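Quick note: the sequence shown, position 230, residue 230 per this note's numbering, numbers continuous. The C-beta atom is built at its ideal place from N, Cα and C for all residues, glycine as well. The structure presented is a predicted model; accordingly, all values stated were derived computationally and were not measured. The next block holds one structure in the form of structure tokens; read it before the comments.
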Amino acid sequence: NHGGAEDTDLLVILNDNCMSIDPNVGALKEYLTDISTSRTYNRLRDEVYRLLSKFKGLGGETAKKYASKLEDVLLASSKPGAFFESLGWRYFGPVDGHDVNHLVRLIRDLKTVRGPKLLHCVTVKGKGFAPAELEQTKWHAPGYNFDKLTGQAINVKPSTGPKPPKYQDVFGETVIELAEQNPKVMAVTPAMPSGSGLVKMLEVMPDRCFDVGIAEQHAVTFSAGLAAQGLRPFCNIYSTFMQRAYDQVVHDVCIQNLPVIFCLDRAGMVGADGATHQGAYDLAYLRPLPNLIVSAPMNEQELRNLMYTAQQPDQLRPFSIRYPRGNGVMTDWCTPLEVLPIGKGRRLTDGEGLAILTLGPIGNLAAEAIAQLNALGHYPAHYDLRYLKPLDDELLHEVFGSFNAVLTVEDGVRQGGMGSAVLEWMADHGYSARVVRLGVPDRVIEQGTQEQQYTECGYDLPAIVAHAEALLEGVALPVR
């Protein structure tokens with residue numbers, strides 16, 4: 001829109017392979033497919049020619065001239081690229097995006113064409129590697145080493161027994177279970193049905209599950225529209241991509257106080273997905289928003305129960321549930337659903353000298369640290385907040401009324417996150433304690449395994465143990 005208005009010498013190359021991670025959806029995708037096949041244009045052109053041939057056959061130069069002009073008008077809107085040309089762009093294509101030599105010549109020639117131009121290249125995702133061409137979603141990011149000729153997995157450790165499911169799969173199974181119980185439950189994803197676990201629901205409940213394309217802002221506002229009509233939408237967006245829709249969360253959901261249920265996948269450190277996908281910020285950017293409940297399950301059972309709680313008939317506020325990438329910790333996770341009281345955490349272990357506060361699955365790592373500390377003769381208490389907003393006042397009064405040393409551990413940024421919320425609560429209620437906060441530091445965290453990233457950020461298992469020991473001895477180690 002901007003380029004067409006400015007009439008700038010600009011070349012945009014549209015790499016059109018009908019895929020994101022999953023197959024593309026929507027009207028623009030259908031339009032590009034029509035351009036690529038040209039069936040719509042050719043069919044309409046043939047019909048127009050057939051009708052106008054009668055006028056041309058009448059004879060006379062004037063009749064022929066007007067017939068030709070009418071032909072141009074009738075076909076203009078269905079010419080390949082008409083959409084782009086209506087915005088002031090000259091359209092070139094479609095061309096074979098894999099013919100590199102031809103592309104080089106085209107791009108060189110297009111340098112001499114003035115104004116905004118669009119070159120439409122049709123490609124195949126995974127071109128040149130047969131397994132990737134056949135299973136494009138799977139090979140977007142296979143996640144394992146493979147033979148470069150056959151695609152067969154190599155160096156894969158054999159299974160040693162039942163493995164906990166991925167959190168995304170627990171979400172996908174649970175949302176179907178809830179939808180079967182509650183006819184108002186809907187699900188929305190912005191172009192991530194496989195990554196979010198909604199593939200199965202799209203198949204079995206296509207009228208209640210919506211892939212709205214790569215448009216997080218629209219996913220949020222669409223969910224708000226559903227909620228405004230009395231439905232209970234589960235809007236599943238990766239934590240890092242929810243940042244794109246922050247304005248819609250504020251204006252279309254929180255200000256309206258609509259019961260949209262945000263399920264934020266890939267929250268926390270995401271391992272090999274790298275810096276652009278780190279789900280480090282959602283706790284800090286969602287916590288200030290009015291009306292919004294912010295929660296995080298410690299395991300798969302808690303995820304199911306939070307989802308069940310969020311869609312209860314008497315729960316009519318926006319509700320956020322964050323959970324990490326990868327596998328959980330429970331093999332027997334499909335337990336009966338139960339409501340978790342909003343704003344209530346839990347004490348997992350009694351202790352003395354130190355309270356460790358956690359939020360979400362990182363609490364399992366803290367539990368391992370506490371086991372190591374117990375072996376060393378230290379017995380800190382462990383509290384799972386479960387809800388960051390609203391905070392559990394009763395639990396925090398217990399913590400600060402009983403402990404002079406507190407360690408907070410979170411899989412998110414320290415600035416504005418759970419630890420910050422605890423410090424604010426402590427100050428507001430007149431308590432004084434030595435508090436050390438572990439979490440993501442104020443810098444970009446690059447690609448690596450999740451374990452490597454925990455180490456870099458200073459809240460891996462050894463770090464939790466070391467900070468806990470130091471606090472029990474009356475000192476505080478510097479955080480990374």
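Reduced DSSP category for residue i - H, G, I as helix; E, B as strand; rest coil
i           : result
residue 113 : coil
residue 305 : helix
residue 233 : strand
residue 406 : strand
residue 101 : helix
residue 379 : coil
residue 429 : coil
residue 481 : Residue 481 falls outside the range modelled here, since the chain spans only 1 to 480, and no answer is possible.
residue 434 : strand
residue 200 : helix
residue 134 : helix
residue 392 : coil
residue 476 : coil
residue 13  : strand
residue 92  : strand
residue 42  : Low local confidence applies: a pLDDT of 47 at residue 42 is under 50, so the model's placement there is unreliable, with the coordinate-based value given in what follows. Helix, per DSSP.
residue 400 : helix
residue 417 : coil
residue 108 : helix
residue 422 : helix
residue 412 : strand
residue 23  : strand
residue 246 : helix
Buried/exposed call for residue i, threshold 16 Cβ in 10 Å
i           : result
residue 378 : buried
residue 302 : buried
residue 87  : exposed
residue 149 : exposed
residue 91  : buried
residue 467 : buried
residue 392 : buried
residue 144 : exposed
residue 141 : exposed
residue 396 : buried
residue 111 : exposed
residue 168 : buried
residue 229 : exposed
residue 256 : exposed
residue 375 : exposed
residue 428 : exposed
residue 12  : exposed
residue 386 : buried
residue 389 : buried
residue 120 : buried
residue 98  : exposed
Opening and closing residue of the alpha helix (DSSP H) in which residue i lies
i           : result
residue 240 : 239–242
residue 218 : 216–228
residue 175 : 167–181
residue 3   : 2–6
residue 82  : 82–86
Opening and closing residue of the beta strand (DSSP E) in which residue i lies
i           : result
residue 362 : It is not in any beta strand (DSSP E) - residue 362 instead sits in the alpha helix (DSSP H) that spans 362–375.
residue 186 : 185–189
residue 340 : Run containing residue 340: none; DSSP gives neither H nor E here.
residue 356 : 355–358
residue 211 : 209–211
residue 348 : 346–349
Exercise. When the Cβ atoms of the region 234–246 are set against those of the region 187–201, are three or more pairs found closer than 8 Å?
Worked result: Yes, since at least three Cβ pairs between the region 234–246 and the region 187–201 fall closer than 8 Å, the two stretches touch.
For this session: Answer yes if the region 269–281 comes into contact with the region 305–315, meaning at least three C-beta pairs across the two stretches below 8 Å, and no otherwise.
Result: The region 269–281 and the region 305–315 do not touch, with fewer than three beta-carbon pairs separated by less than 8 Å.
For this session: For the region 248–334, list the beta strand (DSSP E) runs that are entirely contained and at least 3 residues long, ordered along the chain.
Result: The DSSP assignment places complete beta strand (DSSP E) segments of no fewer than 3 residues inside the region 248–334 at 261–265, 293–295, 319–322, in order along the chain.
Exercise. Can you give, in chain order, each stretch of the alpha helix (DSSP H) that sits fully within the region 438–471 and has at least 4 residues?
Worked result: As far as the region 438–471 is concerned, its whole alpha helix (DSSP H) runs of at least 4 residues are 450–457.
Exercise. Does the count of Cβ pairs from the region 359–376 and the region 451–461 closer than 8 Å reach three?
Worked result: Taking a cut-off of 8 Å on C-beta distances, the region 359–376 touches the region 451–461, as three or more cross pairs fall below it.
Problem set entry | Contact between the region 174–194 and the region 149–158 (3+ Cβ pairs under 8 Å) | Fewer than three beta-carbon pairs drawn from the region 174–194 and the region 149–158 are found closer than 8 Å, and the two stretches are therefore not classed as touching.
Exercise. Does the region 162–176 touch the region 289–306, meaning 3 or more C-beta pairs lie closer than 8 Å?
Worked result: Yes, they touch.
Exercise. Is it a yes or a no for the region 342–357 touching the region 399–406, going by three-plus beta-carbon pairs under 8 Å?
Worked result: Below 8 Å, enough C-beta pairs join the region 342–357 and the region 399–406 to call them touching: three or more.
Problem set entry | the region 259–277 contacting the region 320–331, beta-carbon criterion three pairs below 8 Å | The region 259–277, when compared against the region 320–331, does touch it at the 8 Å Cβ threshold.
Exercise. If you pair each beta-carbon of the region 412–419 with each one of the region 437–448, do three or more pairs fall below 8 Å?
Worked result: Touching, per the Cβ criterion.
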